[in-house]
Ligand code: FES
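Residue numbers (my numbering): 221 to 517.
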């Protein structure tokens, strides 16, 4: 398992059910391979053990911090590292900090490498109340955020770009699914070139290993990579929004190893760059590109 989503909270106490509700909705919608969901309200203390050696754990819970009802807060890195030792744990209403503190104590070296906590500000916590409208909206936004992040990472694991020399054998071109990008000479060393591959925004990058194509969507928060830069010394593509870094040859996450860019197959034909982005569900091209043939090297 490469990622696990845990919903904490008490199903019976109004907005405290936000975490389990996120788990219920994600399970109903379907998750990428290798991603699991656990409802801590029913798993109890066993939820800590379910985190054993999972690279990335996302914990969702409700909170009362005085913020606007439905507001989202994200904790990660040092904020989560500094949790106190476990005490006062209730197995009937396991809170996010209790679940993580117990897991850290119980799992030691097998504790997840990355933990993200998503908190939804609650409005009412009385027994028997349904979710408030503001938290309903917050739950939905958390689901979308998690799904977007996870599917970006899943796609990155499936496509790794390759550069193939021009075919000289007269094969019909362009093959189905391939889109023309910029000329090879238009791609400098230090600046990605944005372009559209049909409806999909992409960038072409010249890394130390040659030309590469990626979807123009940062694996951190899903924002455009159109104005990213390249740190030639470290061969890193640097997102301008929050400075997450990615290997310019492979798209591998350098800031957060599980957050990788979606790489697209790339070929050079007659001095022009061609790319073949993955077909999304419902695309008109879906029936034509199952084999995705390209020119032979
Ligand atoms: S969107 Fe945050 S670093 Fe790229």
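Using N, Cα and C, we set each Cβ at its ideal position, and we do this for glycine too.
| Between the CA atoms of residue 424 and residue 431 - distance to the nearest angstrom | 7 Å
Using the beta carbon as the reference atom, which residues fall closer than 7 Å to any heavy atom of the ligand FES, ordered along the chain? 438, 440, 441, 442, 443, 459, 461, 462, 463, 464
Legend entry - Span separating the alpha-carbon of residue 239 from that of residue 348: 16 Å
With DSSP as the reference, label residue 247 as helix, strand or coil.
helix
Tell me the rounded alpha-carbon separation between residue 406 and residue 436. Going from the Cα of residue 406 to the Cα of residue 436 covers about 18 Å.
Do the CB positions of residue 334 and residue 441 come within less than 8 Å of each other?
no
| said: Just to confirm the assignment, what range does the alpha helix (DSSP H) spanning residue 320 have? | reply: Its alpha helix (DSSP H) spans residues 316-327.
- Could you have a look at residue 492 and say whether DSSP puts it in helix, strand or coil? The answer is strand: DSSP assigns residue 492 an E or B state.
> Residues bridged to residue 415 by DSSP?
Replying inline: In the DSSP output, where bridge partners are listed per residue, residue 415 has 422.
- Spell out a yes or no on whether the segment 442-450 and the segment 397-405 are touching, meaning 3 or more CB-CB pairs, one atom from each, closer than 8 Å. No, because fewer than three Cβ pairs between the segment 442-450 and the segment 397-405 fall closer than 8 Å, the two stretches do not touch.
Check: In the structure shown, what three-state DSSP assignment does residue 486 receive?
Finding: Note: residue 486 maps to strand in three-state DSSP.
- Measure how close the beta-carbons of residue 355 and residue 343 come, nearest whole angstrom, since I'm counting them as under 8 Å. 6 Å
Extent of the continuous beta strand (DSSP E) run through residue 449: 449-451
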